[in-house]
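Trainee:
In our numbering, the protein residues as written are 1 to 355.
#1: If you reduce the DSSP assignment to three classes, tell me which class residue 329 lands in.
#2: Opposite residue 241 in the DSSP bridges: which residues?
#3: Does DSSP put residue 311 in a helix, in a strand, or in coil?
#4: Could you please give me the residues that DSSP links to residue 251 through a beta bridge?
#5: Pull up the DSSP beta-bridge partners for residue 77, would you.
#6: Would you list the residues sitting across from residue 123 in a DSSP beta bridge?
#7: From the DSSP output, in three-state form, read off residue 82 for me.
#8: Quick test of the definition: if touching needs 3 or more C-beta pairs under 8 Å, does the stretch 248-266 touch the stretch 160-168?
#9: Give every residue of the same chain whose Cβ lies closer than 8 Å to the Cβ of residue 227, excluding the five residues on either side of it in the sequence, and list them in chain order.
#10: Alpha carbon to alpha carbon, how far is residue 163 from residue 190?
#11: Give me, in chain order, the residues of the same chain whose beta-carbon lies closer than 6 Å to that of residue 236; leave out the 5 immediate sequence neighbours on both sides.
#12: Determine, using beta-carbon pairs with one atom in the stretch 290-309 and one in the stretch 337-345, whether at least three such pairs fall under 8 Å.
#13: Excluding five sequence neighbours on each side, which residues of the same chain lie with their C-beta closer than 8 Å to the C-beta of residue 291?
#14: Check the DSSP bridge columns for residue 100 and list the partner residues they point to.
#15: Report the option in 256, 178, 331, 153 whose CA atom is closest to the CA atom of residue 307.
#16: Looking only at its own chain, which residues have a Cβ that is under 6 Å from the Cβ of residue 329, when we skip the five neighbours before and after it?
#17: Return the first residue and the last residue of the beta strand (DSSP E) that residue 69 is part of.
#18: Give a yes or no on contact between the stretch 30-42 and the stretch 50-69, applying the rule of three or more CB pairs nearer than 8 Å.
#19: List the whole-angstrom C-beta distance separating residue 231 from residue 132, where the pair is believed to meet the contact cut-off of C-beta under 8 Å.
#20: Within its chain, find whatever has a CB closer than 7 Å to the CB of residue 316; leave out the 5 residues flanking it on each side and keep chain order.
#21: Under the rule that 16 or more other beta-carbon atoms within 10 Å means buried, what is residue 255, buried or exposed?
#22: Taking DSSP as the reference, what is the three-state secondary structure of residue 129?
#23: Can you grab the Cα-Cα spacing for the pair residue 194 / residue 180, in whole Å?
#24: Applying the 10 Å Cβ sphere with the 16-neighbour rule, what's the burial state of residue 129?
#25: By Cβ distance below 7 Å, which residues in the same chain neighbour residue 283 in space, the five residues on each side in sequence not counted?
#26: Rounded to a whole number of angstroms, what is the C-alpha to C-alpha distance between residue 225 and residue 243?
#27: Excluding five sequence neighbours on each side, which residues of the same chain lie with their C-beta closer than 8 Å to the C-beta of residue 161?
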């Protein structure tokens, strides 16, 4: 296995400079409880770490009989201003009655708190605990409902722009991750030239696609895959809820729609038709953005490889992604990028009924 080198790990902005192997190692149960206690949330000693790689998230039972979900942001990833924009967006959605699990006001009335744990500063927030399950994407009615839901989210997102958060484009999610990966010197020599040239060829097609589609960027969820949609079966309050805006960005509307699709081109055509039937009940959709689906999928692949490399110093990542960094991994990525080049050369989804 060719794993990311020590030099590569050192480029991780969250890499620890103290005595602990990684900043998150400091989040012992007592440290978590003490940090929350300082915000006015008194835990009763019971907590459960939930599944999250980017941040650390805990379900915490409180002395008053309630429960919260506490989120400790990865050090060095976001600034206060970026996190507060995320929280502000959630508050706007809630005010517009778009179902979202928004951060709770803490003891000082703010939604963002700071804690210094063993010399390491952390940012944290708390959320109400909500139960539910993933959406049933094989049901056209569910897809139409999701289309209406995301259109309502975009109606709020289009009211103003983010000032501090990223924009999803070919530079930020493609060219910059490629440059960072090459600077890390972690790709085995046998796979380097093939992966690099294929990646560059794919990004040239992504550049051309974005230049051809004048999409107006708006505030998005940004990572709207089914795992980030909580479906609740509670009558009037049921249906989809957004549970995580950590990756909220500026970008084209199609970004929040394409990850709902799967299967053959024919299957995806039917799924997108159902989604857009719902979407267009609340918001106009520019059909030209359909040409960005495969370019956006390509950017996600490249960005994901850089994300894994930059997080490799976090002990959770080698355990969860043991195949990353091998020659087989980079060979597979090269093959998948070739497939994306072929996909981007094909006409976009043909939905003739769209204006």
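The beta carbon of each residue, even a glycine, is placed where N, CA and C say it ideally should be.
Quick caveat: nothing in here was measured; it's all calculated off a predicted structure.
Mentor: So, from the listed chains and residues:
#1: The answer is helix: DSSP assigns residue 329 an H, G or I state.
#2: 230.
#3: The answer is coil: DSSP assigns residue 311 none of H, G, I, E or B.
#4: Residue 251 is bridged to 218.
#5: Residue 77 is not bridged to any residue.
#6: Residue 123 pairs with 114.
#7: In this structure, DSSP gives residue 82 a helical state, which the three-state scheme calls helix.
#8: Result yes; three or more Cβ-Cβ pairs closer than 8 Å.
#9: Excluding positions up to five away in sequence, the list reads 134.
#10: Straight-line Cα distance between these residues: approximately 42 Å.
#11: Because residue 236 sits at a pLDDT of 49, beneath the cut-off of 50, its placement in the model cannot be relied upon, and the following sentence gives the value as read from the coordinates. Non-local beta-carbon contacts of residue 236 in its own chain, meaning distances under 6 Å to residues more than five positions away in sequence, are absent.
#12: Because the criterion of three Cβ pairs below 8 Å is met, the stretch 290-309 and the stretch 337-345 touch.
#13: Correct list, in chain order: 209, 212, 213, 348.
#14: Partner(s): 242.
#15: Nearest of 256, 178, 331, 153 to residue 307, Cα basis: 178.
#16: Cβ within range, chain order: 323.
#17: DSSP places residue 69 inside the beta strand (DSSP E), whose first and last residues are 67-72.
#18: Yes, they touch.
#19: Yes, residue 231 and residue 132 are in contact; Cβ-Cβ is about 5 Å, under 8 Å.
#20: Excluding positions up to five away in sequence, the list reads 53.
#21: When all chains shown are included, residue 255 counts as buried.
#22: In the structure shown, residue 129 sits in coil (DSSP, three-state: anything other than H, G, I, E or B).
#23: When rounded, the distance between both Cα atoms is 17 Å.
#24: By the 10 Å Cβ count, residue 129 comes out exposed.
#25: The beta carbon of residue 283 lies closer than 7 Å to those of 151, 154, 155 in the same chain, with the five residues before and after it left out.
#26: Approximately 11 Å, taken between the alpha carbons.
#27: If you ignore the 5 residues before and after residue 161, its C-beta comes within less than 8 Å of the C-beta of 217, 218, 219, 250, all in its own chain and listed in chain order.
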